[in-house]
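J.: Sharing a structure with you now.
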Amino acid sequence: MGTVSVNKPVTSMLSELSSDLARDDLVLVERMPQIKETERYRDVVISMLREFHIALVLVRLVFRSGEVKGYVFLIKGDVGGETPSSGHVEGYVIVRDHRGRVTKYIYNPEDAPLDYLAREVLTFADLYRKAEERIIKLGLTEAYRDKGFFTDYE
Numbered sequence: 002m003g004t005v006s007v008n009k010p011v012t013s014m015l016s017e018l019s020s021d022l023a024r025d026d027l028v029l030v031e032r033m034p035q036i037k038e039t040e041r042y043r044d045v046v047i048s049m050l051r052e053f054h055i056a057l058v059l060v061r062l063v064f065r066s067g068e069v070k071g072y073v074f075l076i077k078g079d080v081g082g083e084t085p086s087s088g089h090v091e092g093y094v095i096v097r098d099h100r101g102r103v104t105k106y107i108y109n110p111e112d113a114p115l116d117y118l119a120r121e122v123l124t125f126a127d128l129y130r131k132a133e134e135r136i137i138k139l140g141l142t143e144a145y146r147d148k149g150f151f152t153d154y155e
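Counting from 2, one number per residue, gives the positions in the sequence shown under the numbering used here.
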């Protein structure tokens with residue numbers, strides 16, 4: 002695995018993630034922590050930050066070409082007070098290209114206010130949902146186009 006120091010703040014990973022979530026060739030989105038159907042992803046992440054003063058967020062994206070990207074965010078809340086008011090964010094992206102080469106892109110850690118981090122979690126929770134809906138819609142469209150899929154019903 003090759004390693005590249007990007008020399009950009011970790012929050013710049015968010016714009017890259019946003020672009021990747023909007024790609025037309027995205028076929029799978031996986032997030033950790035996993036959530037129950039009755040939970041909202043953003044609520045789980047924010048709750049972890051409030052309760053434990055730390056949250057690890059993993060996002061795995063798979064593209065039609067075989068490329069896989071894994072985004073890793075570690076958010077550490079400040080230790081002052083019951084609810085953290087700011088956090089220290091570390092992160093990197095691991096990319097496996099369609100030929101199987103793996104590269105780790107390390108971003109510079111950054112401190113940010115908790116309200117900023119909460120807004121970003123909310124924004125990306127919505128982007129994840131839209132990407133997942135788009136993937137489901139594309140899958141249904143492809144299934145509908147596949148005449149063999151409906152042969153049992155004709």
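Backbone N, C-alpha and C define an ideal beta-carbon position, used for all residues, glycine too.
Only a predicted model underlies this, so the values are computations on that prediction, with no experimental measurement involved.
Identify, in the order they occur along the chain, each residue of the same chain with its Cβ nearer than 8 Å to the Cβ of ASP153, setting aside the five sequence neighbours on each side.
T.: The predicted position of ASP153 is uncertain, since its pLDDT is 48 and thus under 50; no value can be drawn from it.
J.: Could you name the residues of the same chain whose beta carbon sits closer than 6 Å to that of LEU75, not counting the 5 residues immediately before and after it, in chain order?
T.: LEU57, GLU91
J.: For the beta strand (DSSP E) holding GLU31, just list the boundary residues, first then last.
T.: GLU31 -> beta strand (DSSP E) spans 27-33.
J.: Here's a check: name, in chain order, each residue in its chain whose Cβ is nearer than 8 Å to the Cβ of ILE136, leaving out the five neighbours to either side.
T.: LEU27, VAL28, LEU29, VAL30
J.: Do you know how far the Cα of VAL63 is from the Cα of ARG97?
T.: 10 Å
J.: Give the C-beta separation of TYR106 and VAL7 to the nearest angstrom, bearing in mind that I take them to be a contact with Cβ-Cβ under 8 Å.
T.: 5 Å
J.: Is the segment 115-129 close to the segment 42-62, with three or more CB pairs under 8 Å?
T.: The segment 115-129 vs the segment 42-62: in contact.
J.: In chain order, what residues of the same chain lie with their CB nearer than 7 Å to the CB of PRO34, ignoring the 5 residues before and after it?
T.: Excluding positions up to five away in sequence, the list reads VAL45.
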